[in-house]
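The structure under discussion appears below in the form of structure tokens.
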Amino acid sequence: MVEILENEKVFIDNGPIQMVLDISIGDKKTPELGLQVSKYVIYEFNRLAEYIPYIKNNSFVKIKENRPSAVLKKMINAVERSGDKSLTPLAAVAGSFSDFALEKALELGATRVIVNNGGDIALKDITGHPLNVGIPLNDTELVLNITSESNIKGICTSGLGGRSFTKGIATAAVSLGENAAIADACASCLGNATNVDNENIVRCYAEEIDSETDIPGHLVTLKVGDIGEKNVYKALLNGLEKAEELYNKNIIKGAVLCVKDKIVMVPDNIAVLK
Numbered sequence: 018m019v020e021i022l023e024n025e026k027v028f029i030d031n032g033p034i035q036m037v038l039d040i041s042i043g044d045k046k047t048p049e050l051g052l053q054v055s056k057y058v059i060y061e062f063n064r065l066a067e068y069i070p071y072i073k074n075n076s077f078v079k080i081k082e083n084r085p086s087a088v089l090k091k092m093i094n095a096v097e098r099s100g101d102k103s104l105t106p107l108a109a110v111a112g113s114f115s116d117f118a119l120e121k122a123l124e125l126g127a128t129r130v131i132v133n134n135g136g137d138i139a140l141k142d143i144t145g146h147p148l149n150v151g152i153p154l155n156d157t158e159l160v161l162n163i164t165s166e167s168n169i170k171g172i173c174t175s176g177l178g179g180r181s182f183t184k185g186i187a188t189a190a191v192s193l194g195e196n197a198a199i200a201d202a203c204a205s206c207l208g209n210a211t212n213v214d215n216e217n218i219v220r221c222y223a224e225e226i227d228s229e230t231d232i233p234g235h236l237v238t239l240k241v242g243d244i245g246e247k248n249v250y251k252a253l254l255n256g257l258e259k260a261e262e263l264y265n266k267n268i269i270k271g272a273v274l275c276v277k278d279k280i281v282m283v284p285d286n287i288a289v290l291k
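If you count by the working numbering, then the sequence shown holds residues 18 to 291, one letter each, in order.
Given below as structure tokens:
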């Protein structure tokens, strides 16, 4: 299903894709461009389905032999750049589709584009105007001011309660990248790293929840009870170390990690809490 919303944004509801396209040319919203972009997105999604068996097995050789689609190439590149060998390309699928939609909109003449694919965001304003993005965190909101100088075109979130599994205990692990595919893969990586062992954390194997999961045999987090403040900070420190590693290697442009009501950022001024 594809529909134009009252605010002139376009909503795509196709299988696991729940994407909102906010597209403008100059100061004018252009939902007709969103409708064009939606056709490309759905076509690419149908192409991707052919590769699912190879993706779940991390069979990169087989994938490359079969001429992967544009989105699948983005997924593979993002996961490889993250350096996390426990991830399959599906860790970057939502962000990769956001990137694809963004690129198509710009090709069709858009000047300002924000693509939100279930919380994995790709954005660009070619006129140089800053973009403000709000991300809810517990009872507060994280506000990011994205300028052209920051070279941030992707903002993705992983953690408890999200659409994908996490091995960690982050309420939210927000990753900022030069594109949404990389931000998506690294958000998964950061969410997994923001972790600690405690008897009040409930975990199970991924296949116990989803028999078709791409990470069978991996323990994923279901619920985090009272783990004490010391363990909250320990988990944040573990996530912070991974975030600083990715940031110092210029793989990500920044990160925000939240466990319970505690928050850390890399760099310290990357966002404002309101």
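Beta carbons are placed, not taken as given, at the ideal position from N, Cα and C, and that holds for glycine.
Beta-bridge pairing by DSSP links Y222 to L236. The Cβ atoms of F62 and N31 lie closer than 9 angstroms to each other. Linking I29 to K247 through their CA atoms gives a straight-line distance of about 43 angstroms.
Leaving aside the five residues that flank A122 on each side, the residues in its chain whose CB is nearer than 8 angstroms to its CB run, in chain order, L38, I40, L50, G51, V54, V130 and V132. Secondary-structure assignment with DSSP links L52 through no beta bridge to anything. Of the candidates A200, I186 and G185, the residue whose Cα lies closest to the Cα of S192 is A200. Rounded to the nearest angstrom, the Cβ distance from L290 to L159 is 6 angstroms, consistent with a contact under 8 angstroms. If you draw a straight line from the Cα of S103 to the Cα of S181, it is about 14 angstroms long.
Assignment of I143 by DSSP, reduced to helix, strand and coil, places it in the coil class.
Counted as a single uninterrupted DSSP element, the stretch harbouring G208 is not any beta strand (DSSP E) but the alpha helix (DSSP H) occupying residues A197 to A210. When the alpha-carbon of S115 is set against those of A260, G145 and E195, the nearest one is in E195. With contacts defined as CB atoms closer than 9 angstroms, A252 and G271 fail to qualify as a contacting pair. Straight across, the Cα-Cα distance linking G179 with G43 is about 34 angstroms. Counting C-beta atoms within 10 angstroms of its own C-beta, K141 has 16 or more neighbours from the protein chains shown and is therefore classed as buried. In this structure, the alpha-carbon of S86 lies about 33 angstroms from that of I186. The continuous stretches of beta strand (DSSP E) do not include M92, which lies in the alpha helix (DSSP H) extending over residues A87 to S99.
In the same chain as T128, and ignoring 5 residues on each side of it, the C-beta atoms closer than 8 angstroms to its own belong to S41, I42, G43, D142, I143 and T144, in chain order.
DSSP places S175 in the uninterrupted beta strand (DSSP E) bounded by G171 to S175. Membership of G112 in the alpha helix (DSSP H) is indicated by the continuous run V110 to E124. Inside the segment 232–288, DSSP marks whole beta strand (DSSP E) runs of 3 or more residues at positions 236–241, 271–276 and 279–283, from first to last along the chain. Boundaries for I186: no beta strand (DSSP E) harbours it, and the DSSP string shows neither H nor E there. The DSSP-derived three-state label of R180 is coil.
The C-beta distance from K277 to V237 rounds to 19 angstroms, too long to meet the 8 angstroms contact threshold. Annotated three-state conformation of N149 is strand, per DSSP. A straight line joining the alpha-carbon of I72 with that of P106 spans about 6 angstroms.
Around the beta-carbon of G136, 16 or more other beta-carbon atoms lie within 10 Å, marking it buried.
With respect to L177, T188 sits close: the two C-beta atoms are nearer than 9 angstroms.
Straight-line measurement puts the Cα of K45 at about 45 angstroms from the Cα of N212.
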